[in-house]
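901 is the number of the first residue of the sequence shown in this note's numbering; add one for each residue after it.
In this text, a Cβ means the ideal position worked out from N, Cα and C, and glycines have one as well.
Since the structure is predicted, the reported quantities are computational estimates derived from the model, not experimental observations.
Below is one structure, written out as structure tokens, with a few remarks after it.
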Amino acid sequence: MLTQEVLEEVRELKRDCIVLAHNYQIPEIQQVADFVGDSLGLCRAAQRIDKPYILFCGVDFMAESAALLNPDKTVLMPDLEAHCPMAAQLPAKLVREAKEEHPDAAVVLYINTRLEARAEADVLCTSANAVRIVRSLPEKKIIFGPDVNLAWHVQRHVRDKELIPVPERGHCITHLLFKPEHVKRAREEHPEAEVLIHPECTPEVQLLADHICSTEQMVRRAKESSAREFIVGTEVGLVHRLRRELPEKRFYPLYEGAICRTMKMNTWEKFMKQLRERRNAVRIDPEIAERAMLSLQRMLELSA
Ligand code: SF4
């Protein structure tokens, strides 16, 4: 728990700065953030900023989205080296090759993608809106990357289209840690609990879920459900948020070891350093920015 003194210092330093934090951030950062949410919620929050600085606590592709949406503001990160390993699995060259092979396909990329690759996409998606975005397109063939597990989830719900995963085995190393045994054990230990699973998990794990949800959908489900207990199948950071916002309910991580090392590169010390010094500004190549912005804007329009 942060002391009153620390909270006061943060409040003072935040006068001209908005703090946006992803659901997987450490509890202390979540506690002082102006907005905590998933990739889609953070994009929407980034559209409404009225201060000159944004301290973005998440990973590279999220901060870059905030920078694209706020070209007149300075977007900072606690650690500029927080690069999402999944985003690194899809170089722009692979997308270009897939487009040559399937010229009649639309390109839908998960927002967890580097800007160079996003510049090749027709539209982006998040785990919260992927099914809706793919359904809304007229094309019957969809090049989809980089997460093959999210592609599987979308294909399950959109039967009349063909999804072509690029690369063939793109994945999140954190969500790959969840195994069917974890679900079976958790159900035995907490037979009354609802099982919420993120679509970045493998199909074997998704098939054992009560609900497949993005992190924000998990928060909504926990608020609206009459269940009192939940098994949470995503990075453990979300469990902190759920326990803070719904102290009357009980939340159990599906697997305690599901920790995203990249998200956790944003320590409290680095956070405070940026709040005080403001040196880690996110820089974007203006040429790529222009093209990458189109796919981001289209996603926001289609999911409005
Ligand atoms: S949880 Fe997975 S997708 Fe999210 S930042 Fe970490 S590695 Fe990337």
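First through last residue of the alpha helix (DSSP H) which encompasses Ala945:
Ser939 to Ala946
For the stretch 1046-1117, which segments carrying the alpha helix (DSSP H) assignment without a break, of at least 4 residues, lie completely within its bounds, in sequence order?
1048-1057, 1080-1089 and 1103-1106
Could you please give the first and the last residue of the uninterrupted beta strand (DSSP E) stretch that includes Leu980?
Careful: Leu980 lies outside any beta strand (DSSP E) and carries neither H nor E.
Give me whichever residues DSSP pairs with Phe935 in a beta bridge.
Leu920
Is the separation between the beta-carbon of Glu1145 and that of Gly941 shorter than 9 angstroms?
no
C-alpha distance - Glu1177 paired with Cys943, whole-angstrom precision:
Distance between the alpha carbons of Glu1177 and Cys943 is about 25 angstroms.
Hey, out of Val1007, Ile1011 and Asp1047, whose CA is closest to Pro1038's CA?
The candidate whose alpha carbon is nearest that of Pro1038 is Val1007.
For the ligand SF4, which residues have a Cβ under 7 angstroms from at least one heavy atom, in chain order?
Tyr924, Val959, Cys984, Pro985, Met986, Ala987, Asn1012, Cys1072, Ile1073, Thr1074, His1075, Glu1100, Glu1135, Cys1160, Thr1162 and Met1163
Report the start-end ranges of each beta strand (DSSP E) in the stretch 1114-1176 that is 3 residues or longer and not cut off at the edges.
1129-1133 and 1150-1153
When you compare the CB positions of Leu1096 and Cys1072, do they come within less than 9 angstroms of one another, or not?
no
Assigned secondary structure, Val910 (DSSP; H/G/I helix, E/B strand, else coil)
helix
Burial state of Pro1099, where buried means 16 or more other Cβ atoms lie within 10 Å
buried
Compute the Euclidean distance between the alpha carbons of Leu1077 and Pro927, then round it to the nearest angstrom.
22 angstroms
Where the beta strand (DSSP E) containing Leu1024 begins and where it ends:
Val1023 to Cys1025
Which residues does DSSP list as the beta-bridge partners of Phe956?
Leu920
Measuring alpha carbon to alpha carbon, tell me which of Met901, Gln931, Ser965 and Phe961 ends up nearest Leu1200.
Across the set Met901, Gln931, Ser965 and Phe961, the C-alpha of Ser965 shows the shortest separation from the C-alpha of Leu1200.
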